[in-house]
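Take a look at the structure below.
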Amino acid sequence: MTELFEFPSEPGHPSAVADGAVHVPGWLTLEQQAWIVGQFRTWTAGPVPIRAAKVRGHEMSVRTVCLGWHWQPYRYTREATDVNGQRVLAFPDWMVRLGRRALRDTGFPEDQVAAYTPDTALANFYDEKAKMGMHQDRDERSLAPIVSLSIGDACTFRFGNTESRNRPYADLRLGSGDLFVFGGASRLAYHGVTRVHPFTAPSGCGLGSADGTSAGRINITMRMTGLEG
Ligand code: MD6
Ligand code: FE
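Read in my numbering, the sequence shown has 208 at position 191, and its numbers run on one by one without any break.
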């Protein structure tokens, strides 16, 4: 497999994966992770339940619940017209603040930090078999950075190029508490999740399982849609 970049991966330290793409392992404390998992559980309770979106008639293996705007392939709406027609929950203020801190901690200039006002979040749940195929995030009208948070089991995240879903790409591991920011020249890079690594969630992250199955993985991406209304 082609490795695009070599980079160190050190807890708390940002490493540039590509121009505009920065990974910070262990950015969230276990306490923050567990608190966010608690919030996630309230989101999945409705009014719009977590669901596997259908892409060209096929259910994704990942299940998603949205805040602010509802993502349905390939557009954003205020009401989940592909689920139950209910309006999605409001985008929380704490997540705007967290998004700004993410940009600041990954070296974005202060004017971009201050202007960053994410208005949608996609919260995904992966069981041990879930994957996400290589895609670009291009349903937003804004090219502001995307802030991604991972909690629970680690995954292999494939970070590619802006031209195609094929090589060159780099495979990196996103673990519990990791931050990944996609902005600038990397904003439209293809990326995906090739596998989840079961039983790698740290205890205390808020995701766990009592019945011998693995904890699974939560990924939250916050974005600016650039939409009005
Ligand atoms: C995931 N993430 O990590 C899927 N998209 O589970 C994404 O598709 C993603 O992490 C844009 C920016 C960051 C991401
Ligand atoms: Fe994506």
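In this text, a Cβ means the ideal position worked out from N, Cα and C, and glycines have one as well.
**Item:** Cβ neighbours of Phe-216 in the same chain (closer than 6 Å, five flanking residues each side left out)
**Value:** Sequence-distant partners of Phe-216 (beyond 5 residues in either direction) whose C-beta falls short of 6 Å from its own C-beta, in its chain, are Ser-231.
**Selection from Ala-132, Asp-36 and Thr-211 that minimises the alpha carbon distance to Arg-118** = For the residues Ala-132, Asp-36 and Thr-211, the minimum Cα distance to Arg-118 belongs to Ala-132.
**Asked** Quick one: what's got a C-beta closer than 6 Å to Ser-167's C-beta in the same chain, skipping five residues either side?
**Response** Excluding residues within five positions, the ones whose Cβ falls inside 6 Å are Leu-191, Asp-195 and Asn-236.
**Request:** Jot down the residue ranges of each uninterrupted alpha helix (DSSP H) in the segment 64–149, minimum 4 residues, whole runs only, in chain order.
**Result:** Those alpha helix (DSSP H) runs which fall completely within the segment 64–149 and span 4+ residues are 110–122 and 127–132.
**Prompt:** Near Arg-155, which residues of its chain fall below 7 Å by C-beta distance, leaving aside the five closest residues on each side in sequence?
**Reply:** The beta carbon of Arg-155 lies closer than 7 Å to those of Leu-205 in the same chain, with the five residues before and after it left out.
**Request:** Quick one: using the 10 Å Cβ neighbour count with 16 as the cut-off for buried, is Pro-42 buried or exposed?
**Result:** With 16 or more other CB atoms across the displayed protein chains lying within 10 angstroms of its CB, Pro-42 is buried.
**Item:** DSSP three-state assignment for Arg-190, whether helix, strand or coil
**Value:** DSSP, reduced to helix, strand and coil, places Arg-190 within a strand of the structure shown.
**Message:** Can you look up Glu-180 in the DSSP assignment and give me helix, strand or coil?
**Reply:** Glu-180: coil per DSSP, three-state reduction.
**Request:** Check whether the Cβ of Asp-154 lies closer than 6 Å to any heavy atom of the ligand FE, and answer yes or no.
**Result:** Asp-154 Cβ: within cutoff of the ligand FE.
**Message:** Taking 6 Å as the cut-off, is the C-beta of Asn-236 nearer than that to any heavy atom in the ligand MD6?
**Reply:** Answer for Asn-236: yes, Cβ within range of the ligand MD6.
**Between the CA atoms of Trp-60 and Asn-101 - distance to the nearest angstrom** = Approximately 15 Å, taken between the alpha carbons.
**Asked** Roughly how many whole angstroms lie between the Cα atoms of Asp-36 and Val-198?
**Response** If you take the alpha carbons of Asp-36 and Val-198, they lie about 11 Å apart.
**Residue of Glu-157, Val-210, Gly-200 and Ser-26 minimising C-alpha distance to Tyr-93** = For Tyr-93, the nearest C-alpha among the options comes from Glu-157.
**Asked** What residue does the beta strand (DSSP E) around Arg-240 start on, and which one ends it?
**Response** Note, Arg-240: beta strand (DSSP E), 234–240.
**Asked** So, helix, strand or coil for Arg-212, using DSSP?
**Response** It is a strand residue.
**Request:** Sort out for me which residues DSSP pairs Leu-46 with in a bridge.
**Result:** Note on identity: in this sequence residue 46 is Thr, with Leu being the wrong assignment. Thr-46 is not bridged to any residue.
**Item:** Inter-residue CB distance, Thr-81 and Asn-141 (contact presumed, cutoff 8 Å)
**Value:** Confirmed, Cβ separation roughly 5 Å.
**Prompt:** What do you get for Gly-85, buried or exposed, if any count of 16 or more other CB atoms within 10 angstroms of its CB means buried?
**Reply:** Gly-85 is buried by the Cβ-count criterion.
**Among Leu-106, Ala-202 and Met-77, the one whose alpha carbon lies nearest that of Glu-180** = Ranking Leu-106, Ala-202 and Met-77 by Cα distance to Glu-180 puts Ala-202 first.
**Prompt:** Going by beta carbon distance, what residues of the same chain come within less than 6 Å of Arg-104, once the five residues before and after it are set aside?
**Reply:** Excluding positions up to five away in sequence, the list reads Arg-95 and Glu-96.
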